[in-house]
Each structure stands twice: as C-alpha cells, then as structure tokens.
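Just so you know, the sequence shown maps onto residues 81 to 228 in the numbering used here.
By construction, the Cβ of each residue, glycine as well, lies at the ideal position given by its N, Cα and C atoms.
Keep in mind that this is a model prediction, so the values were computed, not measured.
To start, the structure under review is shown below, and the notes come after it.
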Amino acid sequence: MAREPTDLPEPVAAAAAVWIVEDEPAAAALAADLCALNGTLAYVYRDAQLFLDALRSESRPAVLVLDWRLERGLSAPLFMAARHREPALPVVFWTGTAAHALPQMIQQDPRARVVDKADGTAAFESALRWALDQAGIGPPARPSKAQR
81 MAREPTDLPE PVAAAAAVWI VEDEPAAAAL AADLCALNGT LAYVYRDAQL
131 FLDALRSESR PAVLVLDWRL ERGLSAPLFM AARHREPALP VVFWTGTAAH
181 ALPQMIQQDP RARVVDKADG TAAFESALRW ALDQAGIGPP ARPSKAQR
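Pasting the structure below:
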C-alpha cells in the first residue's frame, strides 16, 4: 500500500544514526531506505571488521540493526561486542530466523527486538520506532500555533 504524504512519519533528530550490519546488498539497501524514510541516517556495514572498528572509534549510534544470519556465524559475537561496548544500545534483529530460534540472550534482552523479514517493511519500521524511543529519540515537537 502506497503512503500518502500525510502518512509519512515525522523526522527524528538529525543526529539519529542507525548502524546496519547486513551482508545481503538488497536487504541492506532496503533497511537503509526505510531508515531514511523514518528520518534517520543509515550507515551500512557489510563487513564485520569495519563495524567493529567503527564501534571502537566512532560515536555511538542511536540504534543497531543486525541480521542474525550473517556469514560465518558472526551475529552473536557482533551482538555481544555491541552489548559490551554500549549496554543500553537498542538492537533490532531483522532476520529470516524466527525469534524463538534465536539464543536466550537475545530473546530475553529487553533492549532487543526480533523482526522477521517475511513480516514486511511495516514490522521493521515499527521496531525501528520502538528502538528510537528506547534511545530517547522521537519525532520533533510540532510548533505550536503561536510559533507558526
């Protein structure tokens, strides 16, 4: 279903960065597009080492989007590295794996959400909004009538 202009979400704070770790080019591009549509800056890491380097050297993202089924089974170590470095970082697992099949450390993490790619873009956008809310980043306040 196409969105009408009035259905577009409010942009979030300009500094809201979403880091996406996804090794499938099409999925990475779609996630980045959905982030942009929701007013965030998307940074895609298709290489685990580049993500780890960024995690060590750059400022913290507002949200991490991680594919559970990365090549070479790197998802769990990347999640643990992110959790160690930034314990409060909201993480969205956007994956083709059912939530119940993921490790308990993820299922029980209150700062993580699992979204099945088969559930479509609305589910991803909902999880992204949840994560941004967890990070304390929401849509900017609308100007009052007196300010217009």
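Next on the checklist: Using only the alpha-carbon positions, how far apart do H164 and E104 sit?
Outcome noted: 25 angstroms
Checklist entry - Looking at C-beta atoms only, is the number of pairs between the stretch 171-189 and the stretch 139-159 that lie closer than 8 angstroms three or more? => result yes
Checklist entry - Quick one, are the C-beta atoms of L121 and A156 less than 7 angstroms apart? => result no
Checklist entry - Among T201, Q129, P167 and D127, which one has its Cα closest to the Cα of A192? => result P167
Item to check | alpha helix (DSSP H) segment containing T175, residue limits | outcome: Careful: T175 lies outside any alpha helix (DSSP H), inside the beta strand (DSSP E) at V171 to T175.
Checklist entry - Fully enclosed by the stretch 128-165, which beta strand (DSSP E) runs are 3 residues long or longer? => result 143-146
Checklist entry - So, helix, strand or coil for R191, using DSSP? => result coil
Checklist entry - Per DSSP, D213 is paired with what? => result Partner(s): none; D213 has no beta bridge.
Item to check | Nonlocal neighbours in the same chain, by C-beta distance under 6 angstroms from W99, ignoring five residues either side | outcome: Y123, P141 and L144
Item to check | Bridge-paired residues (DSSP) for L121 | outcome: A97
Next on the checklist: Contact criterion: CB-CB distance below 7 angstroms. Does V124 meet it with respect to chain B?
Outcome noted: Among the protein chains of the structure shown there is no chain B, as only one such chain exists.
Item to check | Burial state of L169 (16 or more Cβ within 10 Å) | outcome: buried
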